[in-house]
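Numbering of the sequence shown is given in my numbering, commencing with residue 6 and proceeding in unit increments. See structure below.
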Amino acid sequence: MSRLFPEVADARREAFWRQQERRRQTLGQPCCTQSNMSWSLIDMEGDFCVVIHGESDCLNCFFHHNGRRAVDYYSTRLSETQLVSGHTLEPLRHLLQLLATERRPAAVIVLGTCPVEVISDPFEPVVHEVSAATGVPMVALRTHGLTLMRLVECQDWLYATLAGLGEPPEQRHGVNLIGLPPGAASEEARQVLEAAGVTVNGLYPNQTRFDAWQRIHHATHSFVVDSSTVPRLTEALRSGGQQVHDVPVPIGLYQTGRYYGLVGDRLGCTEAVQAATAAVARAHDDAWLALKARLTGRVVALCIRMLKTHRTDLLAYEGLGPLELLRGLGMEVVVLVQGPPEARETFRARLEALGHADLRMEVFRGPWELGVVATDVGADAVVCSDVARKVVEEAGLPMISSSAWRPFYAGIPHNLELLAGLADTWA
Ligand code: SF4
């Protein structure tokens, strides 16, 4: 079969598929790489098209008719005859030429699928050729279900690709804030920094405009929540001349203070940032202390590796974003890791590498075990993915969804309210 892709030749063997399934379970990948990429792009505003090169059914593994970009998703809709006879490139060339002449978008992203991968379809040269002939930027990505990767890897690939479509700037100005949660609370960072005299070039990746990605190289610095989750993007920014700095997930008073402190320090404007945050930083002190008195000594199970999400902020630092918020309010945190029990030492080593050798940790195999495991560790409450809500509630434990936290000082009242809800159930 394929000389170019040995894994495809292996695909005829049962052992290959067994190994693929084991890898999929370890990676926690819920869907194919093409589908993951398509999901991530479908709600992004902007002047670009996505072409799924393969069978029309590859469009059916995600809601291709939902989302702002749905009208700009196209497929080569290859038939079995075309695939078997290798007549796959002309339909792609024709589609790309039509898009370039009739639709004329700012960019076209072509995603490969399993069927074209299995026949080693050399589609990238066609994409480059049409792009060169028409002047419309086009990029080909060999996404397909046979390529298994961690969710953050897939997101990183996409972000680096989007960043690669931008033009190099003539002059650099401002900073990028990368890896923040979506929503209005993240806008606080823009306001604080601009009050401190720092221009914010963009908030990524949750800024849902394609043209914002085209400006990402215009900044002088990027502050990234856990750059280890986005190594390709980080490398693209560094090689483009930017300084890239790691910052924590800004959830809770301590992490938010560290976030602003690091940004001020790296930009040489610590005092200006402190002045811009002084009032909001102290605004929640009374409520914080009152809630701390109610939560101190309680045990909370913080579950990680459960989420199947495109949000890198929820996957950053292995999902430990709310750890310092919970500890800061006097709670004892037990980390529950979803995964195979035999990987226990790997998980332990990862926590140690993140500076958390002191954390209590248990491993559970899946959501169905969570109620029992959380009870066994003496948890009074659980922070976990919504998929386990029923199991946790049946165990009589209150829970907070892993994705419910809001960032920065603007998010503190909401977070305190969530935690007060736990204390209310114990009253
Ligand atoms: S055939 Fe492959 S690329 Fe298409 S939907 Fe299935 S796994 Fe994804």
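Even glycine gets a Cβ: it sits at the ideal position worked out from N, Cα and C.
(request) Just grab the DSSP bridge partners of I405 for me. (result) V388
(message) Tell me the residue span of the beta strand (DSSP E) that contains T154.
(response) At residue 154 the sequence reads Met, which differs from the Thr that was named. Premise fails: M154 is in no beta strand (DSSP E) and is neither H nor E.
(request) Count the other C-beta atoms from every protein chain shown that fall within 10 angstroms of the C-beta of Q176, then say buried if there are 16 or more, exposed otherwise. (result) exposed
(request) Could you name the residues of the same chain whose beta carbon sits closer than 7 Å to that of D251, not counting the 5 residues immediately before and after it, in chain order? (result) V229, D231, S232
(message) Once the 5 residues before and after S43 are set aside, which same chain residues still bring their CB inside 6 Å of it?
(response) F67
(request) Write down the C-beta distance between N434 and G257 rounded to the nearest angstrom, noting that I regard them as a contact closer than 8 Å. (result) No information on residue 434 is available, as it lies outside the stretch 6 to 432 that the chain covers here.
(message) Once the 5 residues before and after R8 are set aside, which same chain residues still bring their CB inside 7 Å of it?
(response) Confidence is the limiting factor: at R8 the pLDDT is only 45, short of 50, which leaves the residue's position unreliable and the question unanswerable from this model.
(request) Go to A358, then tell me how far its alpha helix (DSSP H) extends in each direction, as first and last residue. (result) 349-358
(request) Under 8 Å by Cβ, that's how I've got L146 and G117 pegged, so tell me the actual separation to the nearest angstrom. (result) 7 Å
(message) Short of 6 Å in beta carbon distance, which residues of its chain neighbour G302, apart from the five on each side in sequence? Order them along the chain.
(response) none
(request) Take P346 as the anchor and find which of G326, L325, F369 has the nearest alpha-carbon. (result) F369
(message) To the nearest angstrom, how far is the alpha carbon of Y121 from that of N41?
(response) Residue identity check: residue 121 is Val in the sequence provided, not Tyr. Computed Cα separation, rounded: 18 Å.
(message) Using DSSP's beta-bridge definition, name the partner residues of L116.
(response) I57, L146
(request) Have a look at L296 and R73 and give me their C-alpha separation to the nearest angstrom. (result) 41 Å
(message) Let's test the definition: count the other Cβ atoms within 10 Å of the Cβ of E344 and tell me whether it reaches 16, buried, or not, exposed.
(response) First, the amino acid is wrong: residue 344 is Gly here, not Glu. Per the 10 Å Cβ criterion, buried.
(message) Tell me the rounded alpha-carbon separation between M6 and I124.
(response) Annotation note: pLDDT 40 at M6 (below 50); position unreliable, coordinate value reported separately. Taking the straight line joining both Cα atoms gives about 8 Å.
(message) So if DSSP puts I309 in a beta bridge, which residue, or which two residues, is it bridged to?
(response) V342
(request) Thinking L312 and S407 are a contact (beta carbons under 8 Å), I'd like their distance in whole angstroms, please. (result) 6 Å
(request) Would you decide whether D126 is buried or exposed? Buried here means 16 or more other CB atoms lie within 10 Å of its CB. (result) buried
(request) Report whether the distance from the Cβ of C119 to the nearest heavy atom of the ligand SF4 is below 6 Å. (result) yes
(message) Which residue wins for smallest C-alpha separation from E172, given the options V396, R155, H222, W410?
(response) H222
(message) Just verifying my parser: in three-state terms, what is the DSSP assignment at F67?
(response) coil
(request) Pick helix, strand or coil for I124, following the three-state DSSP scheme. (result) coil
(request) Take the Cβ of G273 as the centre, count every other Cβ of all protein chains shown within 10 Å, and call the residue buried at 16 or more, exposed below. (result) exposed
(request) Spell out whether any CB of chain D is found under 7 Å from the CB atom of W293. (result) Absent here is chain D; the protein component of the structure consists of one chain.
(message) So, under 8 Å CB-CB, V157 and L320 are touching, yes? Tell me the CB distance rounded to an integer number of Å.
(response) 5 Å
(request) Just grab the DSSP bridge partners of R365 for me. (result) V339
(request) Compute the Euclidean distance between the alpha carbons of R155 and T314, then round it to the nearest angstrom. (result) 11 Å
(message) Does the distance between the C-beta of H149 and the nearest non-hydrogen atom of the ligand SF4 fall short of 6 Å?
(response) yes
(request) Could you please give me the residues that DSSP links to V230 through a beta bridge? (result) V252
(message) Give me, in chain order, the residues of the same chain whose beta-carbon lies closer than 6 Å to that of V115; leave out the 5 immediate sequence neighbours on both sides.
(response) V56, H58, V132, A145
(message) So, for E240: in the same chain, excluding its five sequence neighbours on each side, which residues have a beta-carbon less than 8 Å away from its beta-carbon?
(response) A165
(message) If the criterion is Cβ atoms closer than 7 Å, does the pair A224 and N206 meet it?
(response) yes
(request) Take the Cβ of P255 as the centre, count every other Cβ of all protein chains shown within 10 Å, and call the residue buried at 16 or more, exposed below. (result) buried
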